[in-house]
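See below for the structure under consideration.
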Amino acid sequence: MSTEVARSPAQPAPRREGSPWTGLQAVVAKELADHLTGVRMQILETLMLLTAVGTVYAATQSIRQTIGEDPFLFLRLFTTAREPLPSFVGFLGFLIPLTAIALGFDAINGEYNRRTLSRVLSQPIYRDALILGKFLAGLATLAITLVALWVVVTGMGLFVLGIPPGGEEVARGLLFLVATLAYAGIWMSLSMLFSTLFRQPATSAMTAIAVWLLFAVFWDMLAALTSQALRPTQYGGVAEELAQARLHLLLARFSPNTLYAETVIALLNPAVRSLGPVLITQLEGAVLGTPLPLGQSLLIVWPQFTALVAVVILLFAVTYVLFQRQEVRA
Amino acid sequence: MSLAVETFGLSKRYGDVVAVEDLHLRLHAGEVFGLLGPNGSGKTTTILMLLGLTEPTAGSARVLGWDPTRQPLEVKRRVGYLPDSVGFYDELTAWENLRYTAALNGLSSAEAQSRIGEVLERMGLLEVAHRKVGTFSRGMKQRLGLADVLLKRPQVAILDEPTLGLDPEAALEFLALIRTLKRDGLTVLLASHLLHQVQSVCDRVGLFHQGRMVLEGTVDELRERVLGGAYRIHVEARGLEVERVLREVPGVVRVSRTEDHTYRVEARHDCRAEIARRVVATGELLALTVDRPGLDEVYARYFQQVESQAGGAA
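Chains as they are written, first to last, in our numbering: chain S, 1 to 330; chain U, 331 to 644.
What follows is the structure, given as structure tokens:
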């Protein structure tokens, strides 16, 4: 310590010392406990459980009739819809963003409003540990919820259908979980970003929900309109239609919802061979309806999956930088 | 005596706004130092810089020998901070809140258990340890805040507006708790705008104004320096020459007549006995009281003087 005192005050010290991850474990443990015991999450988890049970039960009713015809029966549990219920995956598409937003929308501004931020940051930790801890705890909560749901669905499948899932079905199911986690991560990091930008939790929650509505409801319409306006089909030729469809797809893929939907379709339905428009000539020699091996399905969705993960990282990085630059005082 | 906190020309600007300007602060180990001044005079900014929570624009600081900008973890391991209107997680109990702080400080769970019990007992909160903090009164939260500060067994405690929002009784109790910190050998830095409330616990004070520390010293020193006479004596007396007599008393700096028979005397020391003797010799003495002006007055008077000097120069 004496050397520290001896250092002249005018001489700039080296960069900050100590690990930025000091205290990370404590933050993760606390946030995780908050999420898992909080009323907010319990309501959403109950809701998810109910929809899982409901949709999967409905799915088993319609699947029963086709037992023995389908080698990927278990995956049908996720994707089969039966009027008036949508499929389990369809429900998840709604509930996951909501849950993720609920996990993040008051992450930072909540600390300001409760006036706990300066107290927590005056403990021997860096800000890095706080924000990363909150992010990891949110992801862990989502992962726990998703795995629990997946186990419930699989268990119900075993119980009702009476046949065990194959190895590839389990693998596809788990990959579907990972993709869903990435999709959820996007909404969570987005709501955390808003919680850093806005002082009021209500504002950040509403903004995050507005963005989600934009992508869930309006984005596809906008993509369709734009592609029709930019690539009109004047003569009705194949080239024109193809150009329009390609533009439409390109624009639609700016939405995380599209990326996620494509990933899920290709993972849960092994018969899917392409996610874009396909020409007849490209199908020469293909046996339609035959399932692809897992590796090939994975290749199809690799760009989509990478994009989902990249968006999570990008949003979190922006949040991280903003939070680092913020004043501690409210 | 060794220095617990030392700053060298510490400055902080937000754009054009100067929050703290060229601050040279020296806190001796084991003293209670009052950082006093109105809201927005730079007290909290100074504290945040000492904890490494805000980067200074210029200058540097040493807290217990560590540089808060570059070695904030070392500083924060040894310095406890009670922020102004401290907040807790309302949905957690007092115990759980402190357990989080203990975990952030890297205490083992056995160590945390015993320390939490210890600090809660010291703050008189042991009975409510397992109640949610949301149900706590302002005064209880403030004491929990002090428990939170003591949990890490700091060498320096920085308390920002510790008595703000407390009723007078709770404020006095809290000040008494602060005195116990000094007894334990802690160095205490106390920031407040309630000058009269905290002057009694401070060994030395620094008065802040617009980001600058304009006065520094013990309360008595400041009184002497700014008010000249540190004693104010009210005299009620009948007699023709009372005013002249009062002026001639040694140690008297100023005499003013407030009402018909009442005079206000400012003196360097307590010269009531001499005043009584002389007034009785020439007239009738009706009443004689002394009051020692508080820091509020020192502060107000200082700025009157600064302004009149500025006016005189212009």
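Ideal placement from N, C-alpha and C gives every residue a C-beta, glycine not left out.
These figures come from a predicted structure and were not determined experimentally.
Among the options, which residue has its Cα nearest to the Cα of residue i?
i: residue 634(U); options: 598(U), 337(U), 474(U), 557(U); result: 557(U)
i: residue 364(S); options: 121(S), 55(S), 288(S), 301(S); result: The question about residue 364(S) has no answer here: the residues shown for chain S are numbered 1 through 330.
i: residue 470(U); options: 441(U), 483(U), 501(U); result: 501(U)
i: residue 203(S); options: 65(S), 290(S), 107(S), 133(S); result: 107(S)
i: residue 479(U); options: 495(U), 593(U), 417(U), 537(U); result: 417(U)
i: residue 621(U); options: 490(U), 562(U), 597(U), 637(U); result: 562(U)
i: residue 449(U); options: 579(U), 477(U), 584(U), 636(U); result: 477(U)
i: residue 527(U); options: 408(U), 495(U), 578(U), 591(U); result: 495(U)
i: residue 379(U); options: 584(U), 512(U), 567(U), 336(U); result: 336(U)
i: residue 176(S); options: 21(S), 319(S), 37(S), 262(S); result: 262(S)
i: residue 174(S); options: 298(S), 291(S), 316(S), 324(S); result: 298(S)
i: residue 593(U); options: 616(U), 386(U), 599(U), 611(U); result: 616(U)
i: residue 603(U); options: 619(U), 591(U), 334(U), 456(U); result: 619(U)
i: residue 422(U); options: 136(S), 37(S), 143(S); result: 37(S)
i: residue 24(S); options: 121(S), 52(S), 49(S); result: 121(S)
i: residue 242(S); options: 158(S), 280(S), 82(S); result: 280(S)
i: residue 459(U); options: 446(U), 481(U), 425(U); result: 425(U)
i: residue 586(U); options: 601(U), 566(U), 499(U); result: 566(U)
i: residue 389(U); options: 467(U), 341(U), 536(U), 570(U); result: 341(U)
i: residue 630(U); options: 525(U), 574(U), 564(U), 332(U); result: 525(U)
Taking the alpha-carbon positions, what's the residue i to residue j distance?
i: residue 473(U); j: residue 140(S); result: 35 Å
i: residue 276(S); j: residue 258(S); result: 12 Å
i: residue 179(S); j: residue 309(S); result: 9 Å
i: residue 397(U); j: residue 192(S); result: 32 Å
i: residue 647(U); j: residue 304(S); result: Since the first residue of chain U shown is 331 and the last is 644, residue 647(U) is not available in this structure.
i: residue 366(U); j: residue 609(U); result: 39 Å
i: residue 74(S); j: residue 169(S); result: 7 Å
i: residue 493(U); j: residue 522(U); result: 8 Å
i: residue 538(U); j: residue 373(U); result: 7 Å
i: residue 461(U); j: residue 138(S); result: 27 Å
i: residue 402(U); j: residue 358(U); result: 20 Å
i: residue 171(S); j: residue 92(S); result: 19 Å
i: residue 544(U); j: residue 606(U); result: 37 Å
i: residue 465(U); j: residue 274(S); result: 59 Å
i: residue 5(S); j: residue 343(U); result: Only weak support is given to the placement of residue 5(S): the predicted model assigns it a pLDDT of 42, under 50, and the value that follows is read from those uncertain coordinates. Whole-angstrom Cα-Cα distance: 26 Å.
i: residue 392(U); j: residue 132(S); result: 29 Å
i: residue 599(U); j: residue 322(S); result: 58 Å
i: residue 328(S); j: residue 318(S); result: 18 Å
i: residue 27(S); j: residue 197(S); result: 21 Å
i: residue 185(S); j: residue 212(S); result: 13 Å
i: residue 10(S); j: residue 443(U); result: Per-residue confidence for residue 10(S) stands at a pLDDT of 48, beneath the threshold of 50, marking its modelled position as unreliable; no derived number is given.
i: residue 361(U); j: residue 546(U); result: 14 Å
i: residue 206(S); j: residue 30(S); result: 26 Å
i: residue 218(S); j: residue 50(S); result: 28 Å
i: residue 228(S); j: residue 264(S); result: 27 Å
Consult DSSP for residue i and reduce its assignment to one of helix, strand or coil.
i: residue 544(U); result: strand
i: residue 571(U); result: coil
i: residue 126(S); result: coil
i: residue 396(U); result: strand
i: residue 467(U); result: coil
i: residue 322(S); result: helix
i: residue 333(S); result: Absent from the structure is residue 333(S), since the part of chain S shown begins at 1 and ends at 330.
i: residue 285(S); result: coil
i: residue 618(U); result: strand
i: residue 588(U); result: coil
i: residue 600(U); result: coil
i: residue 344(U); result: strand
i: residue 329(S); result: coil
i: residue 522(U); result: strand
i: residue 352(U); result: strand
i: residue 357(U); result: strand
i: residue 271(S); result: coil
i: residue 459(U); result: coil
i: residue 176(S); result: helix
For the ligand HEM, I want to know if residue i counts as a neighbour, meaning its beta carbon is within less than 7 Å of at least one of the ligand's heavy atoms.
i: residue 481(U); result: Absence of the ligand HEM from the depicted structure is noted, as is the absence of any ligand whatsoever, leaving it without description.
Practice prompt. Decide yes or no for the touch test of the region 94-106 of chain S against the region 33-52 of chain S: beta carbon pairs closer than 8 Å, at least 3 of them.
Written response: yes
Worksheet item: When you check each C-beta in the region 391-405 of chain U against every C-beta of chain S, which residues fall closer than 9 Å?
Response: Of all residues in the region 391-405 of chain U, only 391, 392, 394, 395, 396, 397, 399, 400, 401, 402, 403, 404, 405 place a beta-carbon less than 9 Å from a beta-carbon of chain S.
Worksheet item: Can you list, in chain order, the residues of the region 179-202 of chain S whose Cβ is nearer than 9 Å to any Cβ on chain U?
Response: none
Fill in: Three or more C-beta pairs below 8 Å linking the region 124-137 of chain S and the region 426-438 of chain U
yes
Worksheet entry | Short-range partners of chain S found in the region 423-437 of chain U, where Cβ spacing is below 8 Å | 430, 431, 433, 434, 435, 436
Fill in: Near-chain S residues of the region 488-501 of chain U - C-beta to any C-beta below 7 Å
none
Discussion item. When you compare the region 504-521 of chain U with the region 482-492 of chain U, are there three or more beta-carbon pairs, one atom per stretch, that lie closer than 8 Å?
Written reply: yes
Worksheet item: Which residues, in chain order, does the region 217-233 of chain S contribute to contact with chain U at a C-beta distance below 8 Å?
Response: none
Worksheet item: Counting Cβ pairs, one atom from each stretch, are 3 or more of them under 8 Å apart for the region 49-68 of chain S and the region 247-255 of chain S?
Response: no
Fill in: Near-chain U residues of the region 135-148 of chain S - C-beta to any C-beta below 9 Å
none
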